[in-house]
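Structure, as structure tokens:
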Amino acid sequence: MTHVDDYDLKILTLLQSNGRLTNQELSDLVGLSASQCSRRRINLEQANLILGYHARLSPDAIGLGMVGLIEVRLINHTAEYVESFHRMVEQEQAIVDAYKTTGDADYLLKVAVADLNSLSALISQLVAGHQSVSHVKTSVVLGRMKENGLMMLPEQKTR
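Every position in the sequence shown, counted from 1, becomes a number in this note's numbering once 43 is added.
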């Protein structure tokens, strides 16, 4: 495990908010030279503390404006059923995030779809298409306040 000091934490926090920061910009914000920031960023990447860089897209930009949260309970936890469910999650494009959880549900899925009909079709596919699923409970997201650790701008909150 890589030792993470206060400078590394500051770099990680800044990059989480804006992954496009240059080493010079990081340098100005952190108080280290650009070359030191560059070395630290590379070390953080190699230690798998930075897993990648991506653009946060508006759901409207890609036609997936409806977000749903689906709790899934499996019939049982045999290797066959669990592996079948995991394969389905991996292959289904509409599933944005998937979490194995404690409590009443075995999994919580965050899905992004175009509309209510698409969400209904996905739920039907989960229930009818997979022998491993015994129960689903779905919530439609009415508004987003915070995603990926970042507060949404006022005009983004209702989307």
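Where is the CB? At the ideal position from N, CA and C, for every residue including glycine.
- Message: Whole angstroms are fine: how far does the CA of A137 sit from the CA of R202?
- Response: At R202, the pLDDT of 48 sits below 50, so the modelled position is not reliable; the number obtained from the coordinates is stated separately. When rounded, the distance between both Cα atoms is 17 Å.
- Query: For N86, which option in Q174, H46 and L100 has the closest C-alpha, if you only look at C-alpha atoms?
  - Reply: H46
- Item | Pairwise C-alpha distance: R63 and H129 | 33 Å
- Task: Please say whether V183 and G106 have beta carbons closer to each other than 7 Å?
- Result: no
- Query: For the beta strand (DSSP E) that contains D140, what are its first and last residues?
  - Reply: I138 to K143
- Message: At the level of alpha carbons, what is the spacing between D147 and N191?
- Response: The straight-line gap from Cα to Cα measures roughly 25 Å.
- Query: Run through DSSP, which three-state label would T181 get?
  - Reply: In the structure shown, T181 sits in a strand (DSSP, three-state: E or B).
- Message: Is the beta carbon of L117 closer than 7 Å to that of D149?
- Response: yes
- Cα-Cα separation between L94 and L75, rounded to whole angstroms: 23 Å
- Assigned secondary structure, I105 (DSSP; H/G/I helix, E/B strand, else coil): Helix, per DSSP.
- Query: Who are the near neighbours of M195 in its chain, counting only those whose CB is closer than 7 Å to its CB and skipping five residues on each side?
  - Reply: R187, M188 and K189
- Query: Given H178, which residues of its chain have a CB within under 7 Å of its CB, disregarding the five upstream and five downstream residues?
  - Reply: R116
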